[in-house]
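Student: Letter by letter, the sequence shown follows residues 229 to 397 of my numbering. Beta carbons are placed, not taken as given, at the ideal position from N, Cα and C, and that holds for glycine. Keep in mind the model is a prediction, meaning the values are calculated, not measured. Handing you a structure now.
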Amino acid sequence: GKLLWEYPRAANNVANAATPVARGNRVFISSDYGNGGGLVEIKANGASEIYFTKEMRNHHSSSILIGDHLYGFSSGILTAMRFDTGEVAWKDRSVGKGSLVYADGHLYALSENGVVGLVEATPAGYREKGRFRIQQDSLPTWTHPVIAGGRLYLRDQDTIYAYDVREKR
């Protein structure tokens, strides 16, 4: 096929592991190692940069778009940022560098050190609802948490854990 456009500014020469986040004709691309992220708008004749920011530097996990905000770990700091402008709503050290999954209005954050946090997904501020640590056999944990059928699945190097996270009735 024919190359339609490219955007190298959000790439680095070490690892580009975060998956791009798309909405409509706009795509957010990010990487860490001191780099940053950019929002591009795709048009018939190519793509143009809307903004570039150092405020969202995803390492091995991708940001999640909920409403008008991206939520992601930026160099180990959980960050909420407006998708269309790059304006930061809040930042918190939270569980440390990790990965996220979203369900029922909450972010489930899994740190590479095995700490799991439950955070309300709101741009109004960081609101942690609780946390615990998985009994890891080996570090680090770079997997992403998964929610399916009311269960939270977490994996470290050697073990998979399943937790019932359905609302108590």
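Rounded to whole angstroms, what's the CA-CA distance from Lys230 to Pro236? Just pull it up for me.
Tutor: For the purposes of this step, residue 230 is taken as residue 2 along the sequence shown, with counting starting at 1. For the purposes of this step, residue 236 is taken as residue 8 along the sequence shown, with counting starting at 1. For Lys230 and Pro236, the distance between alpha carbons rounds to 17 Å.
Student: Thinking Gly274 and Phe301 are a contact (beta carbons under 8 Å), I'd like their distance in whole angstroms, please.
Tutor: Sequence index remark: in the sequence shown, residue 274 carries index 46 (1-based). Sequence index remark: in the sequence shown, residue 301 carries index 73 (1-based). That pair is no contact at about 30 Å.
Student: Where does Ala238 land, buried or exposed, given buried means 16+ other C-beta within 10 angstroms?
Tutor: As a position in the sequence shown, residue 238 is number 10, starting the count at 1. Buried, by the Cβ-count rule.
Student: Consult DSSP for Arg237 and reduce its assignment to one of helix, strand or coil.
Tutor: Here residue 237 is taken as the residue at index 9 of the sequence shown, counted from 1. In the structure shown, Arg237 sits in a helix (DSSP, three-state: H, G or I).
Student: Taking the CB atoms as reference points, tell me whether Ser322 and Tyr279 lie closer together than 9 Å.
Tutor: The residue given as residue 322 occupies position 94 in the sequence shown. The residue given as residue 279 occupies position 51 in the sequence shown. Not in contact: Ser322 and Tyr279 (Cβ atoms no closer than 9 Å).
Student: Report the CB separation of His181 from Asp260 in whole angstroms; it is logged as a contact under 8 Å.
Tutor: Residue numbering for the chain in the displayed model covers 229 to 397; residue 181 lies beyond these limits and cannot be assessed.
Student: According to DSSP, what are the bridge partners of Met284?
Tutor: Residue numbering aside, residue 284 sits at position 56 when the sequence shown is read from its first letter. BP columns for Met284 are empty, so no partner.
Student: Verify whether the separation of the beta carbon atoms of Thr369 and Gly342 is less than 9 Å.
Tutor: In the sequence shown, counting from the first residue as 1, residue 369 sits at position 141. In the sequence shown, counting from the first residue as 1, residue 342 sits at position 114. Yes, Cβ-Cβ distance for Thr369 and Gly342 is below 9 Å.
Student: With DSSP collapsed to three states, give me the class of Leu231.
Tutor: Counting from 1 along the sequence shown, the entry for residue 231 is found at position 3. If DSSP states are grouped into helix, strand and coil, Leu231 belongs with coil.
Student: Considering Ser322, what are the terminal residues of the beta strand (DSSP E) in which it resides?
Tutor: Within the sequence shown, the letter at position 94 stands for residue 322. Note, Ser322: premise wrong, no beta strand (DSSP E); not H, not E.
Student: Going by the CB atoms, is the gap between Ala349 and His197 shorter than 9 Å?
Tutor: A query on residue 197 cannot be resolved here, the shown segment of the chain reaching from 229 to 397 and no further.
Student: Out of curiosity, what's the CA-to-CA distance linking Ser276 and Lys357?
Tutor: By 1-based counting over the sequence shown, the position of residue 276 is 48. By 1-based counting over the sequence shown, the position of residue 357 is 129. Each residue's alpha carbon lies about 39 Å from the other.
Student: Only counting the same chain, and skipping five residues up and downstream in sequence, which positions put a Cβ closer than 6 Å to that of Tyr389?
Tutor: To locate residue 389, count along the sequence shown from 1; it is residue 161. Contacts found: Ile362 and Leu382.
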